[in-house]
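Presented below is the structure to which this report refers.
Residue numbers (this note's numbering): 15 to 224.
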C-alpha cells in the first residue's frame, strides 16, 4: 500500500508542477511586449534626390578641352559657358584664349548637333532684340530668342559670365550665323558660319599643362 500511496502522491505532484509551469508561461507571454517590426534592409531605403536634372553635356558635339578641327583650322577651348533653359542645356559657348582670343565655338545639342564657328564682333542691341540685324554688310534674321541661365565652365575668361541672360541667334543667307548674349545691360556677340556635324571633328578632350 505504501508504494501505491507514494505513486499517487508523485503523480499528483507531477501534474501540479506541469499545471503551474503552464500557468506561469501563459502569464509571461501575456505580460511580454509585442515583438518589434523588422527593420528594412539597407538596400530598401529610398535615396533622396534633389530634383536637379542630369548633366547632359555629353550630348554636345564638342565641349571644353576638345581639340576641334574644321578643315585646316584647329581650336582648343579651355573656357566657356553652358546655357540652360528649364534645367536643360541649350548650347555651350566655348571660348578661346591666347592666340585663339576672340574666337567662340557654339556647340548645339541634338537634334541639331551643329557647331557655330564664330569670332567676336561689336554689336549693339536694344533690350528687345530686333528681328533683323546687319553685320559686315550682311543681313541676318532672328531665328531664336530664349531666356537662359549661364554657368561658367573651365578657366576664367573676360567674356564668360554667370547668371540670367537672353540668348539670341541670327542666321543669314550665306550660311552665316551670329549669336548674342544680353546680360546685365551688356551685349556679347559673335559672328561666323555654321558647320554641319559631318564637316568637323572633335578629336577628344585633352588637358594642357599651361
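In this text, a Cβ means the ideal position worked out from N, Cα and C, and glycines have one as well. Quick caveat: nothing in here was measured; it's all calculated off a predicted structure.
Discussion item. In the DSSP output, what is residue 163 paired with across the bridge?
Written reply: In the DSSP output, where bridge partners are listed per residue, residue 163 has 98, 178.
Discussion item. So, with DSSP's three-state summary, where would you put residue 85?
Written reply: In this structure, residue 85 counts as coil in the three-state DSSP scheme.
Discussion item. Between which two residues does the beta strand (DSSP E) holding residue 208 run?
Written reply: 200-209
Item to complete: Within its chain, find whatever has a CB closer than 8 Å to the CB of residue 106; leave out the 5 residues flanking it on each side and keep chain order.
Response: 71, 74, 76, 77, 78, 94, 95, 96, 97, 120, 121, 167
Item to complete: Pull up the distance between the alpha-carbon of residue 111 and that of residue 214, whole angstroms please.
Response: 20 Å
Practice prompt. Keeping to the same chain, check which residues put their C-beta closer than 8 Å to that of residue 169; ignore five residues upstream and five downstream.
Written response: 92, 93, 111
Worksheet item: Leaving out the 5 sequence neighbours to the left and right, which residues in its chain are closer than 7 Å to residue 204 when beta-carbon positions are compared?
Response: 118, 132, 133, 134, 135, 192, 193
Fill in: Residue from 152, 137, 197, 157 with nearest C-alpha to residue 145
157
Item to complete: Determine the extent of the beta strand (DSSP E) in which residue 120 is found, giving its start and end residues.
Response: 117-121
Worksheet item: Going by DSSP, which residues form a beta bridge with residue 93?
Response: Looking at the DSSP output, residue 93 shares a beta bridge with 109, 168.
Item to complete: Determine the contact status of residue 208 and residue 128, defining contact as a CB-CB distance below 9 Å.
Response: yes
Worksheet item: Opposite residue 191 in the DSSP bridges: which residues?
Response: 185, 206
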